[in-house]
DNA sequence: GTCTATATAGTGATAGAC
DNA sequence: GTCTATCACTATATAGAC
């Protein structure tokens, strides 16, 4: 059993290792500039091992993307439970995404700014993904609540979170130097002031 | 002279035709999913003709990108001259970009949302391009003017234009149906309220 | 399950006729 | 200046040994 669990663990580790190498390479060089050879080399394994765990390069990207969407969905659901006003929920989302931008930049880059449709034909566009849908739902509750101005949902959600997405983009580009969390209060106030009732 | 000017005109047209085909294909399928064959086929010419006008596929993308940045720079400069407050200038920029999103969606998509660094290694990242720099300059003048809150430049610019960029993105994705211009007033007011002094 | 070696296909770009 | 034909290369993915 010792050996068995070790093997299982190794397999899990290898799978994760491949996903990790792929994530870093996809975000730094881009999906199409990354060959399976590059991934293999970075993970210190052979092509055969890669194709044992994944059926194709595309599948690696797909699993990566789906995992990230799921993780975000869970995090957002937790926020939904912990807070009960649109104000607090939206602010918590902004805080979370700013923090993840610092702690897991590659994941944020790949989830938010990769052009998934170009290499995962079957992928849901990020705009209609679960996490983004949840954000709109939270805003909708805020409108029903009279917390937020009664403007068309997509519009007001974009106004509220547009600055945040832009800043995450700039931070990942290194146009902004320090951690975004430092600016959370300022950015939140600008955003909220724009849409609050 | 009739023939000469006709030839010159034809050449110009051919060059433009290649650029146009490339632009549409790059935005719909992506740069890497578009082969020179695809461009050739779409423009109804031969590979030889393409390589007579451009040294490589990369150069086509580069010329395309540079042309778009130049066009935007000129348009922004005109706005600088026509208006004299940050409020009016920024609003005019938003109006212009919303309008261009409807009239020239492929150009907007390629200029704003293509991952240029992945296929044009020499390209300036869009964030430090001339048009984006001008936007920050306009906001800076507005801060000096006491029109806009005195917050770190990149932050306040992102808050002001973040919603706009997000909406353009959603519109190009077809997440939003109607023309954005219809919502200019609403969006502008949310954005301005957030950063105005 | 992991390896090496290889098949196959498609790419960007060039050569040379017209 | 535009064409056709073709080169040289790299990529993904597979086969089969261990």
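Protein chains in written order, with the numbering used here: chain A, 1 to 197; chain B, 1 to 197.
Note that CB positions come from ideal geometry on N, CA and C, so glycine has one too.
Which chain B residues sit within Cβ distance under 8 Å of residue 173 of chain A?
In the first chain, residue 173 of chain A corresponds to position 173, counting from 1. Chain order gives the chain B residues near residue 173 of chain A as 125 and 127, where near means a beta carbon separation below 8 Å.
Using Cβ-Cβ distances below 7 Å, what residues of the region 103-137 of chain B are close to chain A?
Result list: 115, 118, 125, 127 and 128.
Looking at residue 112 of chain B: is its Cβ nearer than 8 Å to the Cβ of residue 168 of chain B?
Here residue 112 of chain B is taken as the residue at index 112 of the second chain, counted from 1. Here residue 168 of chain B is taken as the residue at index 168 of the second chain, counted from 1. In this structure, residue 168 of chain B lies closer than 8 Å to residue 112 of chain B by Cβ.
Mind checking the region 86-97 of chain B against chain A and listing, in chain order, the residues whose C-beta falls within less than 9 Å of any C-beta there?
Along the region 86-97 of chain B, there is no position whose C-beta sits under 9 Å from a C-beta of chain A.
Under the assumption that residue 73 of chain B contacts residue 134 of chain B (Cβ atoms under 8 Å), give the Cβ distance between them as a whole number of angstroms.
Numbered from its first residue, the second chain carries residue 73 of chain B at position 73. Numbered from its first residue, the second chain carries residue 134 of chain B at position 134. That pair is a contact at about 7 Å.
Cut-off 6 Å between Cβ atoms - residues of its own chain near residue 109 of chain A, not counting five sequence neighbours on either side
For the purposes of this step, residue 109 of chain A is taken as the residue at position 109 of the first chain. The beta carbon of residue 109 of chain A is closer than 6 Å to those of 27 and 172 in its chain, skipping five residues each way along the sequence.
From the DSSP output, which residues share a beta bridge with residue 114 of chain B?
The residue given as residue 114 of chain B occupies position 114 in the second chain. BP columns for residue 114 of chain B are empty, so no partner.
My understanding is that residue 21 of chain A touches residue 39 of chain A, with C-beta atoms under 8 Å, so please give their C-beta distance in whole angstroms.
Counting from one through the first chain, the residue named residue 21 of chain A turns up at place 21. Counting from one through the first chain, the residue named residue 39 of chain A turns up at place 39. Contact between residue 21 of chain A and residue 39 of chain A holds: their C-beta atoms lie close to 5 Å from each other, under 8 Å.
On the DSSP bridge list, what partners appear for residue 143 of chain B?
By one-based count along the second chain, residue 143 of chain B stands at place 143. DSSP links residue 143 of chain B through a beta bridge to no other residue.
Please list the partners that residue 20 of chain B has in chain A, where partner means a Cβ-to-Cβ separation under 8 Å.
Here residue 20 of chain B refers to the residue found at position 20 when the second chain is read from its first residue. Within chain A, no residue has its beta carbon less than 8 Å from that of residue 20 of chain B; the closest one is some 20 Å off.
Less than 8 Å between CB atoms is the rule here; does residue 33 of chain A satisfy it with respect to chain B?
As a working mapping, residue 33 of chain A is identified with position 33 in the first chain. Output row for residue 33 of chain A: interface = yes.
Give the straight-line distance between the Cα atoms of residue 190 of chain A and residue 195 of chain B, rounded to the nearest whole angstrom.
As a position in the first chain, residue 190 of chain A is number 190, starting the count at 1. As a position in the second chain, residue 195 of chain B is number 195, starting the count at 1. Rounded to the nearest angstrom, the two C-alpha atoms are 6 Å apart.
Using CA atoms only, rank isn't needed, just tell me which of B/132, B/165 and B/94 is closest to residue 68 of chain B.
On the second chain, residue 68 of chain B is found 68 positions in, with the first residue counted as 1. With distances taken between CA atoms, residue 68 of chain B lies nearest to B/132 out of B/132, B/165 and B/94.
I'd like to know whether the C-beta of residue 167 of chain B is nearer than 8 Å to at least one C-beta of chain A.
Along the second chain, read from residue 1 onward, the residue named residue 167 of chain B stands at position 167. Under the Cβ distance rule, residue 167 of chain B counts among the residues neighbouring chain A, one pair being separated by less than 8 Å.
Can you tell me the Cα-Cα spacing of residue 86 of chain B and residue 154 of chain B, whole angstroms?
Against the second chain, residue 86 of chain B aligns to sequence position 86. Against the second chain, residue 154 of chain B aligns to sequence position 154. Distance between the alpha carbons of residue 86 of chain B and residue 154 of chain B: 15 Å.
Which of the three DSSP states is assigned to residue 123 of chain B in this structure?
Numbered from 1 along the second chain, position 123 holds the residue referred to as residue 123 of chain B. Correct three-state label for residue 123 of chain B: coil.
Report buried or exposed for residue 159 of chain B, applying the criterion of at least 16 other Cβ atoms within 10 angstroms of its Cβ.
On the second chain, residue 159 of chain B is found 159 positions in, with the first residue counted as 1. By the neighbour-count definition (other C-beta atoms within 10 Å, threshold 16), residue 159 of chain B is a buried residue.
Is the beta carbon of residue 14 of chain A closer than 8 Å to that of residue 127 of chain B?
Position 127 of the second chain, counted from the first residue, corresponds to residue 127 of chain B. Position 14 of the first chain, counted from the first residue, corresponds to residue 14 of chain A. For the pair residue 127 of chain B and residue 14 of chain A, the CB atoms are not nearer than the 8 Å cut-off.
Between the Cα of residue 177 of chain B and those of B/107, B/23, B/101 and B/90, spot the shortest distance and give me the residue it belongs to.
Taking the first residue of the second chain as position 1, residue 177 of chain B is located at position 177. Of the listed residues, the one whose Cα sits closest to residue 177 of chain B is B/101.
Residue 142 of chain B CB to nearest chain A CB: under 8 Å?
In the second chain, the residue the question calls residue 142 of chain B occupies position 142. Cβ-Cβ to chain A under 8 Å: no for residue 142 of chain B.
Below 7 Å on C-beta distance, what does residue 139 of chain B contact in chain A?
Counted from its first residue, the second chain places residue 139 of chain B at position 139. Contact of residue 139 of chain B with chain A by beta-carbon distance below 7 Å is absent, the smallest such distance being about 12 Å.
Neighbourhood of residue 91 of chain A by C-beta distance below 7 Å, restricted to the same chain and skipping five residues each side:
Here the question's residue 91 of chain A lines up with position 91 in the first chain. Closer than 7 Å at the Cβ level, and outside the excluded window around residue 91 of chain A, lie 188.
CA nearest to the CA of residue 161 of chain B, picked from B/61, B/192, B/144 and B/31:
To locate residue 161 of chain B, count along the second chain from 1; it is residue 161. Checked all of B/61, B/192, B/144 and B/31; the closest Cα to residue 161 of chain B is B/192.
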